[in-house]
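*Asks:* Plus 73 on top of the position in the sequence shown (first one is 1) and you've got the numbering used here.
Below are the structure tokens for one structure; questions will follow.
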Amino acid sequence: MWLNPEEVLLKNALKLWVTEKSNEFFLLQRRRGHGDTGGKFTGLLVGALDSVLDSNARVTPFRILLQMPGSQVSWTIACGAAVGEMNRHWDWLVQNLLHSLSVFENKEDVASFVKGKVKGLIAEEVRGRQAAQEEEPEKFREALLKFELCFGLPSSEKLVTTYSCCCWKGRVPRQGWLYLSINHMAFYSFLLGKEVKFVIPWAEVTRLERVSTGLMTDMVRVMTRRCQLDFSMFLSLDEAFGVIGQLADIALRRLLDSEGLELDRVLQQSSNITKRVLEEQALRTYVLALFRLPRGERLQEVALCSVWTPHARCHTTGTLFTTDSYLCFASREEGHCSLLIPLSEVISIEKAESTSLLPNPVIVSVRSKKAFQLIELQDRDSLVDGLTSRLRALQWKHSMFRSKKSLTSSSPYYTFCYDTMYCDGEDIEERALRQTVNTEALMACYHHSQPDPNNSTATMEQVKERLWEDHFPEYGRGVHMFRTEKIQKLVAMGIPESLRGELWMTFSDASSELASHPGYYSGLVTESMGQSSLATEEIERDLHRSLPDHPAFQNVKGIAALRRVLTAYAHRNPKIGYCQSMNILASVLLLYTKEEEAFSLLVAVCERMLPDYFNRRVIGAQVDQSVFEELIRDRLPELAEHIPDLSPLSSISLSWFLTLFLSVLPFRSAVCVVDCFFFHGIKAIFQLGLAVLDANATALCASADDSQALMILTGFLDQVKYDEDPSPPTPHPLSSQSGEEEGRPPVKQHTLITDLIADSYEKFGDLTVRQIEKLRCRHRIQVLQAHEDTTKENALRVVTPDVSLSPENLADVYDLFKTEHFINLYWGDGGTTLALQHHDPGRPYVEQYRVDRVQFKSLYMLLVPWLCGFHTDTVAHRTFTLLDQDRDSLITFREFAGWLDTLYFEELNEKVRLLYRLHIPPALTESEDDPSPLKSPQLSTTRPLHVELPNGEMRDFQEQLKQMLKDLAKEKEKDVEQPVPPMNQREFIQFCKTLYSMFHGNPDENELFQAIATVTSLVLQIGEVGHRSRCTGSEVSSEGGAGDEIEDDHREGSQEDHPVFSTEEEEEEEEGERKEGTSKSSGSESQSEWAVSYAQILASLLTEQQLVNFFEKPMDLSAKVAEAKVKQYHERAGLLMLQQGTS
């Protein structure tokens, strides 16, 4: 590999290099100890140094130096691990450069010329393009070469980065290098002559942790289903741990949950992934979560700056993030001050004059006649240019929507005319209400209770409204208000009902989305209402279960509005459609916002604020439950110590997250939680959940079982009241028990929601969005792998009754089958079918992983008990065709397991039946090319029609065959099989060819060849007899010769479900049926064709004990599977490398 020339002051420092070739200008050197077979101490020492030290000479054992005559300075211009490669480089230098260098008079000119040539070669290399994307191309190229040489993976396995670290084997550390690629993590160590290396696919990683032990304070622990690996001594452990987590998360989402990567365009092509891309992606994920932006937003620019904050009378330092449609600012301390400006609200972005007090200022003007000042922008010009171009494109796009909006009616409500599919007797007024979009919040018409304006509730509402009115002039009103700690305190007090809908729209930025797409909701309502689907049926079932105690949903108007919102969303996003708990959330949104606004808020919650919560597998909710468990262990260690298994608590808290506490808290208290959620996102739910457990920690530690813990938490949440809630507190479910007798403290009868929220901010407010996103990345790995374990368990449960494989073997075969599916995704040639590229968890368990023809052939070579030499590929091809019953060119695990079961555990007749079916259509096609010289053999008509029995007796073969057919008929009466067509001459020759190939290399090869020769001769005689009798058109009576009985058997060819040896009455009846259903012409082609049946071949095989022993010999599937586990990866990788090398 050519290297960018690097100076070497000592050509043979410490005598670590041995010169192999030299001339006037170049030296080819070998690392001392490399290639020495004697195992000298010097070689071992150099190998240890190469493993530990981080130097350019460390990686490869060969190098080429450029030297100037009489100079002590040389330059490394090439290095490599293979002597052949270095010899090619040496020959190129001698043939192309050496003679040209003699014309230079100046040594410096020689050095410059050679360096320029080498740099040109590097630029031409294909791998140079990948290396140029990294920060240190030469080091990365070096590491890439060693990665490919050490682990033998195909070149398409892209290396992302490497880390020097220590891998612990028990208490022994192994210093080496950790290689992280798009699909695998690999480790290599060579220390004092001992080599350690392994490769682990990301698909096998089940958990990632940072742990501390007695020996090391901090380690990265990687857990798979088979092993546990600990790594330490990273130069930057935080960075390494983050990259490992990201790569594992991306790989698993791509392989197991491809829907989750739909909007991550950069990650859809794994070849795009580099270390820099991972850093950008981590930052993008953080920004989207911090500001709750649409998941399709791309991060454009990141710049340090300061923003003028009028409320603080100073500039606040932080970071500016720009995306496709937003300007976002966050202070250095998360949560201290933030600002969100949609580009749709921006009028202009201008550069102001730079001064010493205001360096590089930018003024952003918005529609509300306000302007924001940003200063200290380093790359101001390019930032402003990018923002301006995106602003113009967005303004043009929105102008198209506004032109459509101006054509709409100014009516305060919309009435749609369509068939609602309701009964004719329905009241006209009620039908009109079903079709009318509400333009006001339901709470304006319906209240739980009409409060007295003179009571404390009304007074507190007025106080809160006044506080907010005082807040708006100073901090701003609308989506671009400054979000500070002061506004957090106002939200924690509870938003006044008159402002709740407006502030929900502001905090979630649903308001700008609504303004940007006028008429969108009404169009969805028009399209969706009246349609029937599974989602609409589920919606109709849940309509009257949504806040049934609230008066707004005890009448047609509220129910109709809820129906429209849910149906419109199901129409907008059919992948989610409708999920339970969406009805509760939508009901609350309709109470405080207009119908169109409620729809926009529902979109924001389902697609931005709670991503992956509302889908078929609720992956997002399960990930957050796993995160919640870790937070409990970290923040509430005493509770975690008393309850080691936190899964019951997380199952209880699942409804807290899915419904935002709406299903477990009293209504007015729960709405305060929703206030916090819209301001702080999911962080508010984590904080409140921890506060609830903390408030009940003592009781939970004393609980006897899960049911009692559930009662404790349910009772506590029932007692949480709104500040001004006039309803008396209900008794705690456990308060009737004698607390004194059981030694428990008396249960608190009343808790204010404001106190609980304040407690959550005080104790757990330091939880940040960045921490949550990092935890989500790691715990998504565990959740996806848990789903995989469930899928495997159910697939095995479905297949087990149909096969005789042991549970252990069946599980191992499933793993091999799944791994083969993944290998094709890792290194496929791009021709993979769409069905294999995308994992669909919605398919039946046994069909979630399927293999195509190429993948099946690889598994066939690993697991088949009898290989057929050069004929193996042909037999594998026919086997795939036979198993592919639905003709979709894919095989499921059930089909694959059934095939293996037949080969290893079925009776002899079933194994022969399988071989028989491999040599008749559809497995064997007419177009299949067969170079066999036996394709058209001459049929002898003078063969002796007799059989030599084991005792030496000669018996007429007709009598022998008649007895065998009778025995076989008795067996078939017990188990009627599906009909198997007869086999013609060409197919039988192929059958014999396969048998000969199977026996090749067997210890009893000679005896088996002799036995199959005897059987072949016998079957050919049987076929001849039938062929001759049909050609002569002889009539057969029920008491005729054995040859006629054979003909009868052949004529029954497609009726194998009947006994192969019939009685006289059956033969006469069947002969009559055949005469009625077929042509009377005895000279037809079908009657004169040479053919034998499965029964005849099986009976012939049974005459040779050597063949019977071969097929009935028990075979060890466990050993075969164990061998396949070792060979699968590297054999498949080697084959792919060979294919890529020849393409």
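We treat Cβ as the ideally placed atom computed from N, Cα and C, and that holds for glycine.
Could you give the DSSP three-state label for ILE422: helix, strand or coil?
*Replies:* As a position in the sequence shown, residue 422 is number 349, starting the count at 1. Residue state, collapsed to three classes: strand.
*Asks:* Apply the 10 Å Cβ neighbour rule to THR998 and answer buried if 16 or more other Cβ atoms are within range, or exposed otherwise.
*Replies:* Here residue 998 corresponds to residue number 925 of the sequence shown, with the count starting at 1. Exposed, because fewer than 16 other Cβ atoms sit within 10 Å of the Cβ of THR998.
*Asks:* With DSSP run on the structure shown, which of helix, strand or coil describes ARG202?
*Replies:* Counting from one through the sequence shown, the residue named residue 202 turns up at place 129. Low confidence applies to ARG202: its pLDDT is 47, below 50, so where it sits in the model is not reliable, and the reading given next is rough at best. In the structure shown, ARG202 sits in a helix (DSSP, three-state: H, G or I).
*Asks:* Classify MET578 as buried or exposed, calling it buried when 16 or more other Cβ atoms lie within 10 Å of its own Cβ.
*Replies:* On the sequence shown, residue 578 is found 505 positions in, with the first residue counted as 1. Flag for MET578 reads buried.
*Asks:* ARG645 to SER601, Cα distance in whole Å?
*Replies:* As a working mapping, residue 645 is identified with position 572 in the sequence shown. As a working mapping, residue 601 is identified with position 528 in the sequence shown. Each residue's alpha carbon lies about 9 Å from the other.
*Asks:* Identify the residues that DSSP records as bridge partners of ALA694: which are they?
*Replies:* Counted from its first residue, the sequence shown places residue 694 at position 621. ALA694 pairs with nothing; no bridge assigned.
*Asks:* Could you pull out every residue in the same chain whose Cβ sits closer than 8 Å to the Cβ of PHE969, ignoring the five residues on either side in sequence?
*Replies:* Taking the first residue of the sequence shown as position 1, residue 969 is located at position 896. Closer than 8 Å at Cβ, skipping near neighbours: VAL886, PHE890, VAL924, PHE929, LEU932, LEU956.
*Asks:* For VAL284, count the other beta carbons within 10 Å of its own beta carbon; 16 or more makes it buried, fewer makes it exposed. Which is it?
*Replies:* For the purposes of this step, residue 284 is taken as the residue at position 211 of the sequence shown. By the neighbour-count rule (16 or more Cβ atoms within 10 Å), VAL284 is not buried but exposed.
*Asks:* In chain order, what residues of the same chain have a beta carbon less than 7 Å from the beta carbon of VAL339, not counting five sequence neighbours either side?
*Replies:* The residue you call residue 339 lines up with position 266 of the sequence shown. Correct list, in chain order: ASN345, VAL350, GLN354.
*Asks:* My assumption, with CB atoms under 8 Å, is that VAL696 sits in contact with VAL856. Please give the rounded CB distance.
*Replies:* As a first step, residue 696 must be located in the sequence shown, where it is residue number 623. As a first step, residue 856 must be located in the sequence shown, where it is residue number 783. 5 Å between Cβ atoms; contact.
*Asks:* My output table needs one value for GLN627: the three-state DSSP class, helix, strand or coil.
*Replies:* Indexing the sequence shown from 1 puts residue 627 at position 554. Three-state DSSP puts GLN627 in coil, outside helix and strand.
*Asks:* Per the DSSP calculation, ILE964 is bridged to which residue(s)?
*Replies:* Here residue 964 refers to the residue found at position 891 when the sequence shown is read from its first residue. Partner(s): VAL924.
*Asks:* Look at the Cβ atom of PRO710, then the Cβ atom of ARG368, and state whether they are nearer than 8 Å.
*Replies:* As a first step, residue 710 must be located in the sequence shown, where it is residue number 637. As a first step, residue 368 must be located in the sequence shown, where it is residue number 295. Not a contact, by the Cβ cut-off of 8 Å.
*Asks:* Helix, strand or coil for VAL1053 per DSSP?
*Replies:* Taking the sequence shown and counting its residues from 1, one reaches residue 1053 at position 980. Here VAL1053 sits in coil by DSSP.
*Asks:* For HIS1203, which residues in the same chain have their Cβ closer than 8 Å to its Cβ, ignoring the five residues on either side in sequence?
*Replies:* The residue you call residue 1203 lines up with position 1130 of the sequence shown. Within the same chain, HIS1203 has close Cβ partners GLY225.
*Asks:* Take LYS188 as the anchor and find which of LEU217, GLU230, MET141 has the nearest alpha-carbon.
*Replies:* Here residue 188 is taken as the residue at index 115 of the sequence shown, counted from 1. Taking only the C-alpha atoms, the option nearest LYS188 is MET141.
*Asks:* Would LYS794 and HIS823 be called neighbours here (beta carbons separated by less than 8 Å)?
*Replies:* Within the sequence shown, residue 794 is the residue found at index 721, counting from 1. Within the sequence shown, residue 823 is the residue found at index 750, counting from 1. Yes, they are a contact pair.
*Asks:* If you count every other CB in all the chains shown that lies within 10 Å of the CB of HIS1100, and 16 or more means buried, which is it?
*Replies:* On the sequence shown, residue 1100 is found 1027 positions in, with the first residue counted as 1. HIS1100 should be labelled buried.
*Asks:* Who does ILE755 pair with in a DSSP beta bridge?
*Replies:* For the purposes of this step, residue 755 is taken as the residue at position 682 of the sequence shown. In DSSP, ILE755 forms no bridge with anything.
*Asks:* Helix, strand or coil: how does DSSP classify TRP90 here?
*Replies:* The residue labelled residue 90 in the question sits at position 17 within the sequence shown. If DSSP states are grouped into helix, strand and coil, TRP90 belongs with the strands.
*Asks:* Between GLY391 and SER441, what straight-line distance do the alpha-carbon atoms span, to the nearest angstrom?
*Replies:* Along the sequence shown, read from residue 1 onward, the residue named residue 391 stands at position 318. Along the sequence shown, read from residue 1 onward, the residue named residue 441 stands at position 368. Using only the alpha carbons, I get a separation of about 24 Å.
*Asks:* Is DSSP giving SER95 helix, strand or coil here?
*Replies:* Here residue 95 refers to the residue found at position 22 when the sequence shown is read from its first residue. Note: SER95 maps to strand in three-state DSSP.
*Asks:* Contact check, VAL460 vs ILE422 under 8 Å by CB: the rounded distance?
*Replies:* Taking the sequence shown and counting its residues from 1, one reaches residue 460 at position 387. Taking the sequence shown and counting its residues from 1, one reaches residue 422 at position 349. Going by the sequence as given, residue 460 is Leu instead of Val. Yes, they are in contact, since the Cβ atoms of LEU460 and ILE422 sit about 5 Å apart, within 8 Å.
*Asks:* What three-state label does DSSP hand VAL296 in the structure shown?
*Replies:* In the sequence shown, counting from the first residue as 1, residue 296 sits at position 223. Here residue 296 turns out to be Met, not Val, going by the sequence shown. DSSP places MET296 in strand when its eight states are reduced to three.
*Asks:* Let me check understanding here. Comparing Cα to Cα, which of HIS623, GLY143, ALA949 lies closest to ASN179?
*Replies:* Mapped onto the sequence shown, residue 179 falls at position 106. Selected option, being the one with the closest Cα: GLY143.
*Asks:* Within this structure, are the beta carbons of MET74 and GLY193 separated by less than 8 Å?
*Replies:* Taking the sequence shown and counting its residues from 1, the one referred to as residue 74 is at position 1. Taking the sequence shown and counting its residues from 1, the one referred to as residue 193 is at position 120. No, the pair does not count as a contact, with Cβ atoms beyond the cut-off.
*Asks:* Do you know offhand how far ALA1164's Cα is from GLU1177's?
*Replies:* Numbered from its first residue, the sequence shown carries residue 1164 at position 1091. Numbered from its first residue, the sequence shown carries residue 1177 at position 1104. For ALA1164 and GLU1177, the distance between alpha carbons rounds to 22 Å.
*Asks:* Using DSSP's beta-bridge definition, name the partner residues of ARG280.
*Replies:* Numbered from 1 along the sequence shown, position 207 holds the residue referred to as residue 280. According to DSSP, ARG280 bridges with MET296.
*Asks:* I need the straight-line Cα distance from ASP622 to GLY788, nearest angstrom please.
*Replies:* Looking up residue 622 in the sequence shown gives position 549. Looking up residue 788 in the sequence shown gives position 715. One C-alpha to the other measures close to 20 Å.
*Asks:* If you draw a straight line from the alpha carbon of LEU416 to that of TYR399, how long is it in whole angstroms?
*Replies:* By 1-based counting over the sequence shown, the position of residue 416 is 343. By 1-based counting over the sequence shown, the position of residue 399 is 326. Rounded to whole angstroms, LEU416 to TYR399 spans 5 Å at the Cα level.
*Asks:* In the DSSP assignment, what residue or residues form a beta bridge with CYS378?
*Replies:* For the purposes of this step, residue 378 is taken as the residue at position 305 of the sequence shown. BP columns for CYS378 point to GLY391.
*Asks:* Among TYR665, SER619, ILE612, whose alpha-carbon lies nearest the alpha-carbon of ALA641?
*Replies:* Sequence index remark: in the sequence shown, residue 641 carries index 568 (1-based). Among TYR665, SER619, ILE612, the Cα nearest to that of ALA641 belongs to ILE612.
*Asks:* Compute the Euclidean distance between the alpha carbons of TYR977 and LYS267, then round it to the nearest angstrom.
*Replies:* Numbered from its first residue, the sequence shown carries residue 977 at position 904. Numbered from its first residue, the sequence shown carries residue 267 at position 194. Whole-angstrom Cα-Cα distance: 40 Å.
*Asks:* What residues match up with CYS240 in a beta bridge as DSSP calls it?
*Replies:* Your numbering for residue 240 matches position 167 in the sequence shown. DSSP lists ARG247, PHE304 as partners of CYS240.
*Asks:* DSSP three-state call for THR274: helix, strand or coil?
*Replies:* The residue given as residue 274 occupies position 201 in the sequence shown. Looking at the sequence shown, residue 274 is not Thr but Pro. DSSP places PRO274 in strand when its eight states are reduced to three.
*Asks:* Where DSSP assigns a beta bridge to HIS257, which residues make up the other side?
*Replies:* Your numbering for residue 257 matches position 184 in the sequence shown. In DSSP, HIS257 forms a bridge with PRO274.
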